[in-house]
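Chains as they are written, first to last, in our numbering: chain V, 1 to 392; chain H, 393 to 784.
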């Protein structure tokens, strides 16, 4: 890989929102450096740049790139900032897509594969992703949930596998902490830049993770952990060799990780709990709907990891049904485009202006407006106070 | 049905051990009265009686009857006792197979369908079995398990369905009690005669069940609740429209009921609990192995009942695998014959003479010996102190 290609991947990691599939497809087609040049050209003359693209990639990729151009152009200045230097300054290394040390397991993300990872800590990321197990769950875990997360993480560590999680309170913290106690590498995948140890209350824990394992992010240092970045971050965790959900309420973010893992045909385990515990309702729904296998001990987890090929075959049917069926809370609207998903993710029960929607979702104003219109037709969001909010 | 046919069914209910499929097949082929006459004839001259059978039923049925004759003949005197009169004397009614009020759902038991039911209480048994739900589980339940049993039973009762169980301590008692509290019919299926309110500690509860629902047994009054009768009794409970397992350790008898229900292609639900609770380990194994659906609330149970046809189709494959796979504790040896199973069931870790084995299993001495030989070859039981005990 040329130095300019590496530099361009870094620029793309800052310019495109995580999981921007139009960007991923363009870079895969013509290379990061040429794609970046194309964005600059388009900023001077989009019609000429657009015309130049046909023939160099498929019609779909070209069309998506032209539509996405406005949102990339708006962030060209951000792309040009010295992200690698900043990373080095805080003791982080930058691993670009395909470079030595790049986790090959991330290629299952297809066009949503990150352009670069910013890493603090010396863990072998390729091994962590290809053999490691993600443990995810509620921030507001019960003592039982934390116990189970620690128990499973300890067994996974003893089996020589890395424990991946999101560095959050509750289940995430219990899993990281237990792996650290076993002196085993653990990887915390952050939604914001690796300069921000988020949440602040986990500062000491994340420092320790850094010393033994690694803290990883696909966005450059300085980037804030926006809500939409948490949801796209979850796909990185879900790319581990298996995902275990330990305690999740019906609307827990951990279920988004499980859905991503299902989409990647990775084996998913869920830990049962009392039927009376709302903290286990999401796990029960995953098991009941056939998305996750019930796991109660580390042997179950290791069996799951070993079954990953078989699982992928078995679960193709399940995954196809994921969009349609599923119980309230597990079912998530299926979106016509990444823009629709991004807009939906930044809306809440409080109204927000379309400008703010565009900004938070990392979309051009016109894309945000169009997406909002589609979501309104589907009854997912509604107009309120000159802006948008989630439909009741 | 003629009076003598009814009387003969009563005699068979006393003479043959529950689930004696050779008896069931013979009675189904030539009628209870003729089959009884045939046993008497065989007692005088087995070769002549045996010869007479060929042509009146299939070769298999005839051969099984000839092999079984000795064990039936030994119990002809028991068959001749006045069971109906004794039942009436204690306020019980006798419903013979196929008579008005007979639960048609029991016909799915095939050759193991009981010959008669002894009933105390006025519940509509046909409705109870065809629409009712069995709730079974550990005798040594936790407070959580009892709560869940009560919660589900109460919802089943509110849906106008009977709650069936086994009248034991723990989960059974919680289920019956909750149905009673809802003033809904509940049915306790006993392993011994209905004159014995077993266990004695549930005397008051079983009296109440009798007043609102019914206490039912397939063996005549006076018969003791032997261990093998508990296991055969479980198939009657499993013939309900669905079976829900609430808390069961890995070796719980409730798993035998679940296995019977699986064999009858009835929907099975299991309530999850903490992964750390041995009382929920059997439920988790049933869910994990795909034998049961995870249920946490009464809506899940009612959905399961409504799905019974679909379930039966879906589960044919699962049931075929039941013999081979399954985890330790859920997996049960597969037996070559009902005699093998009966012998295995009456053995334990303490040695027992072959005479006692034959008596408890309701088998002829030669059949018990032969079965024990087969079980020894399979490594399931072993010789000890001139008798047999379970292999370690």
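For every residue, glycine included, the Cβ atom is placed at its ideal position computed from N, Cα and C.
Span separating the alpha-carbon of residue i from that of residue j
i: residue 634 of chain H; j: residue 215 of chain V; result: 50 Å
i: residue 615 of chain H; j: residue 148 of chain V; result: 48 Å
i: residue 500 of chain H; j: residue 229 of chain V; result: 56 Å
i: residue 181 of chain V; j: residue 646 of chain H; result: 40 Å
i: residue 368 of chain V; j: residue 84 of chain V; result: 30 Å
i: residue 7 of chain V; j: residue 39 of chain V; result: 15 Å
i: residue 171 of chain V; j: residue 298 of chain V; result: 16 Å
i: residue 131 of chain V; j: residue 525 of chain H; result: 44 Å
i: residue 240 of chain V; j: residue 129 of chain V; result: 5 Å
i: residue 173 of chain V; j: residue 205 of chain V; result: 8 Å
i: residue 380 of chain V; j: residue 48 of chain V; result: 38 Å
i: residue 169 of chain V; j: residue 290 of chain V; result: 28 Å
i: residue 738 of chain H; j: residue 264 of chain V; result: 50 Å
i: residue 76 of chain V; j: residue 15 of chain V; result: 6 Å
i: residue 405 of chain V; j: residue 25 of chain V; result: Outside the displayed span of chain V (1 to 392) sits residue 405 of chain V, for which this structure offers no information.
i: residue 11 of chain V; j: residue 112 of chain V; result: 16 Å
i: residue 797 of chain H; j: residue 493 of chain H; result: In this structure chain H extends from 393 to 784, so residue 797 of chain H is not present and cannot be described.
i: residue 409 of chain H; j: residue 456 of chain H; result: 14 Å
i: residue 118 of chain V; j: residue 13 of chain V; result: 10 Å
Backbone secondary structure at residue i - three-state DSSP
i: residue 98 of chain V; result: coil
i: residue 661 of chain H; result: strand
i: residue 645 of chain H; result: coil
i: residue 762 of chain H; result: helix
i: residue 39 of chain V; result: helix
i: residue 113 of chain V; result: coil
i: residue 459 of chain H; result: helix
i: residue 606 of chain H; result: strand
i: residue 349 of chain V; result: coil
i: residue 241 of chain V; result: coil
i: residue 789 of chain H; result: No information on residue 789 of chain H is available, as it lies outside the stretch 393 to 784 that chain H covers here.
i: residue 219 of chain V; result: coil
Cross-chain neighbours of residue i in chain V, by beta carbon under 9 Å
i: residue 548 of chain H; result: Within 9 Å Cβ-Cβ: nothing; residue 548 of chain H doesn't reach chain V, min ~15 Å.
Proximity winner among the options, relative to residue i (alpha-carbon distances)
i: residue 731 of chain H; options: H/753, H/571, H/748; result: H/753
i: residue 137 of chain V; options: V/267, V/103, V/225, V/247; result: V/247
i: residue 600 of chain H; options: H/404, H/583, H/733, H/559; result: H/559
i: residue 34 of chain V; options: V/5, V/206, V/352, V/130; result: V/5
i: residue 637 of chain H; options: H/593, H/437, H/687, H/597; result: H/687
i: residue 583 of chain H; options: H/479, H/552, H/629; result: H/629
i: residue 249 of chain V; options: V/65, V/288, V/278, V/233; result: V/278
i: residue 80 of chain V; options: V/256, V/159, V/189, V/36; result: V/36
i: residue 93 of chain V; options: V/76, V/120, V/69, V/101; result: V/120
i: residue 135 of chain V; options: V/117, V/163, V/123; result: V/163
i: residue 515 of chain H; options: H/643, H/480, H/605, H/424; result: H/605
i: residue 125 of chain V; options: V/193, V/358, V/146, V/99; result: V/99
i: residue 602 of chain H; options: H/585, H/661, H/578; result: H/578
i: residue 419 of chain H; options: H/494, H/502, H/780; result: H/502
i: residue 742 of chain H; options: H/424, H/624, H/775; result: H/775
i: residue 365 of chain V; options: V/70, V/152, V/17; result: V/70
i: residue 106 of chain V; options: V/154, V/261, V/343; result: V/261
i: residue 438 of chain H; options: H/424, H/447, H/423, H/454; result: H/454
i: residue 370 of chain V; options: V/342, V/256, V/103; result: V/342
i: residue 142 of chain V; options: V/232, V/276, V/161; result: V/276
i: residue 590 of chain H; options: H/474, H/618, H/570, H/571; result: H/618
i: residue 301 of chain V; options: V/29, V/374, V/266, V/387; result: V/266
9 Å Cβ cut-off: residues of chain H touching residue i
i: residue 393 of chain V; result: The structure shown does not extend to residue 393 of chain V, since chain V is modelled only from 1 through 392, so no value can be given for it.
Residue i: contacting residues in chain H (beta-carbon distance under 7 Å)
i: residue 284 of chain V; result: 664, 686, 688
i: residue 148 of chain V; result: 667
Partners in chain B for residue i, counting only beta-carbon separations shorter than 9 Å
i: residue 288 of chain V; result: Reference to chain B is not applicable here, since the protein chains of this structure are V and H.
8 Å Cβ cut-off: residues of chain H touching residue i
i: residue 144 of chain V; result: 666, 668
Unbroken alpha helix (DSSP H) runs of length 4 or more, entirely within the region 115-165 of chain V: which are they? 125-131, 143-158
Could I get the ranges of all uninterrupted beta strand (DSSP E) runs contained in the region 158-210 of chain V, with 3 residues as the minimum, in chain order? 163-165, 186-189
If we require 4 or more residues per run, which alpha helix (DSSP H) segments fall completely within the region 663-691 of chain H? 673-680
Every unbroken alpha helix (DSSP H) within the region 395-452 of chain H, with a cutoff of 4 residues, ordered by chain: 395-407, 413-422, 424-436, 438-445
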